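Asks:
Now the structure itself:
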């Protein structure tokens with residue numbers, strides 16, 4: 382059965398951009414792009430190396446807005462439109478919660494490999510691995 386609402390989480394990476402292109406090319410349905418702003422607590426700042434809290438939040442929000450605006454432009458270039466959302470929280474948990482509470486029936490996301498010990502995490506990335514394992518809907522990982 383074809384999905385009616387596809388969620389594409391964006392993090393600014395080329396693979397996330399590829400996931401959006403894949404979703405737009407593959408599915409003729411409602412598409413929502415989601416950027417998750419991850420909060421940084423003050424313990425993550427090393428003696429003022431990071432900007433004060435409000436400046437970090439503003440910078441992160443500006444980056445999120447830029448990502449969803451770029452997605453809207455990319456969709457428009459393909460004669461499509463996307464809905465946009467920006468949420469704050471843990472990326473994997475927020476993606477899963479968004480899918481559960483917004484009638485999403487398919488997630489298309491980029492996968493990120495890296496220097497990790499577990500094979501699945503190396504192939505997909507930690508956020509993608511968690512979403513694949515815990516999402517209540519079908520997940521397509523673009524590599």
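Residue numbers (the numbering used here): 382 to 524.
Backbone N, C-alpha and C define an ideal beta-carbon position, used for all residues, glycine too.
All of these numbers come straight from a predicted model, not from anything done at the bench.
1. For the putative contact between residue 458 and residue 401, defined by C-beta atoms under 8 Å, what is the C-beta separation to the nearest angstrom?
2. Going along the chain, which residues of its own chain have a beta-carbon closer than 7 Å to the beta-carbon of residue 522, five neighbours each way excluded?
3. Taking the CB atoms as reference points, tell me whether residue 419 and residue 388 lie closer together than 8 Å.
4. My parser needs the alpha helix (DSSP H) runs of 4 or more residues fully inside the segment 427 to 492; what are they?
5. Are residue 415 and residue 476 closer than 8 Å when you measure CB to CB?
6. Using 10 angstroms around the beta-carbon of residue 383, count the other beta-carbons present and answer buried if the total reaches 16, otherwise exposed.
Replies: Taking the structure as given:
1. That pair is no contact at about 11 Å.
2. 490, 492, 505, 509, 513
3. no
4. 434 to 458, 472 to 482
5. yes
6. exposed
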